[in-house]
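Residue numbers (the working numbering): 150 to 586.
A quick write-up on the structure given underneath.
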């Protein structure tokens, strides 16, 4: 029996690729003189994974987080952890599946002390879900849950959300490439807050409701935990939205040009440009050709309801960006489907095409997006950048009975193909967003 050779190391791979005349300048793998399918499969797989990709879109810019903002968030998390720790004394942790919750405070505090308030806030946002969930469970186990108090906090969050949305109009901007990205981040926090604060029986606690609100004893501890976590996460998100808006308002002052009417008009125009498309999952034959077309369709068109219809109608910037992305998706799908190198009836797929596609997609990123995109362009192009970053081939993935080498490679190929197609379409749509200025 012939033994299976070990997989090459990255150093061996790049050395071998260089020897074949396909190592680009600066040590970057590139196709060079060879056809992409001339590479052995294992070399093409490793070259694909070794090929450099752009940084995440949010690494280019995000709204600044002040130390006071991060410090207040840490205090809320610390308060949550301390109350939970006190309430859990005497509760059987095995019976109620209680989890550890204190590490988030330490990590967030360390980030803030290191001068990174943004990371500190991110840590609090992540940790609050678990800490507040455990708080709600502990209160319920001790029969101390207070749904009416949770409802009052929920209604207060809704009032704050409404106030920020009202304050955004008429969307004044000084620098649209920066300020529209600010508005998108503010609206995203508002949407997140509204998502977290909603729970099934909340409306029953309004003063004008005739029926008696439900009693907390009708809920399982896990359900009280979910509601508590939602309320505290919503409070963090609305606080972030308010602080972002205050910072932006200070930046703009009285010098801004109104952008709200343009966003409304552009959203209507973009919606007229985008047709609804639905994906058929009932595919009887499923080779590389059918799989590739199915993946491209699923990634390009909504299968249920369009994402812009799931946003609050006042979210002018997010709705515009979602519709812009939908138009990009439409155009990108046409390009990607035409560019496929897979034929009907094909039973395998050469990974050299993935490597070649990744090289072309990165080249398009460099020419159309660049290493220092504006905040708004980075916001718009996030999906196309992410597609390129996740296009890797996991050679251990087809050990499973329900996966195969060609599926893994075709999926990576579809990612680089749709990334290339999206990245080439963003500039034209981006220019439409900036037209009034």
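All C-beta atoms in this analysis are idealised placements derived from N, C-alpha and C, irrespective of residue type, glycine included.
Residue 406 in three-state terms, based on DSSP: strand
Cα-Cα separation, residue 543 to residue 503: 13 Å
Other residues of its chain near residue 477: CB distance less than 7 Å, five sequence neighbours each side excluded: 571, 574, 575, 578
Every unbroken alpha helix (DSSP H) within the region 473–552, with a cutoff of 4 residues, ordered by chain: 501–517, 524–529, 531–538
Alpha carbon of residue 281 to alpha carbon of residue 381, nearest angstrom: 7 Å
Beta strand (DSSP E) runs contained entirely in the region 300–375, provided each spans 3 or more residues: none
Touching by the beta-carbon criterion (3+ pairs, under 8 Å), the region 406–425 and the region 302–322: yes
CA nearest to the CA of residue 262, picked from 346, 436, 403, 215: 215
Cutoff 6 Å; reference residue 546; Cβ partners in own chain excluding five residues on either side: 552, 557
Proximal residues to residue 533 (C-beta, below 6 Å), its chain only, five neighbours per side dropped: 568, 571, 572
Residues of its chain near residue 250, where Cβ-Cβ distance is below 7 Å and the 5 sequence neighbours each way are ignored: 230, 233, 279, 280, 283
DSSP state of residue 265 mapped onto helix, strand, coil: coil
Beta carbon of residue 530 nearer than 7 Å to that of residue 564: no
Local conformation of residue 92 per DSSP, three classes: Coverage of the chain is limited to positions 150 through 586, which leaves residue 92 absent and any answer about it impossible.
Start-to-end residues for the alpha helix (DSSP H) that takes in residue 234: 216–236
Beta-carbon proximity list for residue 188, same chain, < 6 Å, skipping 5 on both sides: 501
Three-state class that DSSP yields for residue 182 in the structure shown: Because the pLDDT at residue 182 is just 49, under 50, the model does not fix this residue reliably, and the point stays unresolved.
Reduced DSSP secondary structure (H/G/I, E/B, other) of residue 392: helix
Burial state of residue 384 (16 or more Cβ within 10 Å): buried
C-alpha gap between residue 300 and residue 246, whole angstroms: 26 Å
Cα-Cα separation, residue 271 to residue 205: 16 Å
Three-way DSSP call (helix, strand, coil) for residue 258 in this model: helix
Proximity winner among 367, 200, 298, 378, relative to residue 355 (alpha-carbon distances): 298
Straight-line gap, residue 138 to residue 220 (C-alpha atoms, nearest Å): Residue 138 falls outside the range modelled here, since the chain spans only 150 to 586, and no answer is possible.
Residue range of the unbroken alpha helix (DSSP H) whose run includes residue 241: Here residue 241 belongs to no alpha helix (DSSP H), and DSSP marks it neither H nor E.
Enclosing alpha helix (DSSP H) for residue 583 [first to last residue]: 554–583
Pair within 7 Å by beta-carbon distance, residue 306 and residue 440: no
Sub-7 Å separation of residue 294 and residue 373 beta-carbons: yes
Nearest-angstrom Cβ-Cβ length linking residue 197 and residue 507, presumed shorter than 8 Å: 6 Å
Proximity below 7 Å, CB of residue 527 to CB of residue 211: no
Per-residue burial, residue 332 [other beta carbons within 10 Å of its own, 16 or more giving buried]: buried
Three CB pairs or more closer than 8 Å across the region 455–465 and the region 397–404: no
Contact belief for residue 394 with residue 313 at Cβ below 8 Å, rounded distance in angstroms: 6 Å
Given residue 256 as reference, the closest of 248, 222, 285, 236 once Cα atoms are compared: 222
Residue 315 versus 390, 347, 291, residue with shortest Cα-Cα distance: 390
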